[in-house]
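**Q** Please see the structure below; I have some questions.
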Amino acid sequence: MSNSLVKKSLELLTFENDVVNDKSKKRKSTSAGILDLIPTKHRLISKDNKKVILKRSSTLTVADAKKKLETKSNRMEENIRKLLRLSNCKYDEEVMKKVIDRGVKKRYLTEEDKPVEEEKTVFTEEDFQKFEAEYFG
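In terms of our numbering, the sequence shown is residues 187 to 323.
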């Protein structure tokens with residue numbers, strides 16, 4: 187055998203050994219969680235920093251949940267106290283209604299119930315009839 191044939195056969199053997207070794211090696215798949223099962227093109231990513239939104243590891247602890255519940259209950263109790271204070275006050279009902287309406291509508295309210303005054307003219311009905319007879323008659 188020539189040297190070139192020997193070299194080629196050795197190259198084939200080393201190539202086959204490399205392929206067999208690669209197949210025999212087992213890959214250890216370390217997954218960060220269920221999100222690795224989602225293809226990257228289907229994950230939600232933020233537009234600004236191109237980071238994966240769902241991959242954030244924010245864990246809610248029991249203490250955090252208790253704090254949230256306490257703040258919700260504190261707000262509720264505070265609102266109830268305000269409503270009770272509002273029901274016990276002795277202000278003019280018209281003023282209170284205006285204040286509440288403004289708070290609900292979030293804009294300044296104008297006075298809607300102003301009586302509209304009728305327009306008064308200097309001319310009498312007879313003057314209008316004379317005018318009509320002169321110009322249209």
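Just so you know, even glycine gets a beta-carbon here, dropped at the ideal spot from N, CA and C. This structure is a prediction, so every number in the text was calculated from the model and none was measured.
When DSSP labels each residue in this structure, what does V302 get in the three-state scheme?
**A** In this structure, V302 counts as coil in the three-state DSSP scheme.
**Q** Reducing DSSP to helix, strand and coil, say where Y321 ends up.
**A** Y321: helix per DSSP, three-state reduction.
**Q** Looking only at its own chain, which residues have a Cβ that is under 8 Å from the Cβ of K233, when we skip the five neighbours before and after it?
**A** Residue confidence is low: K233 scores 48 on pLDDT, short of 50, so the model does not pin down where it sits. Its coordinate-derived value is still stated next. Nothing meets the Cβ criterion.
**Q** Between K252 and the ligand SAH, is there a pair consisting of the residue's CB and a ligand heavy atom that are separated by less than 7 Å?
**A** Absence of the ligand SAH from the depicted structure is noted, as is the absence of any ligand whatsoever, leaving it without description.
**Q** Express the C-alpha separation of P301 and E318 in angstroms, rounding to a whole number.
**A** Each residue's alpha carbon lies about 32 Å from the other.
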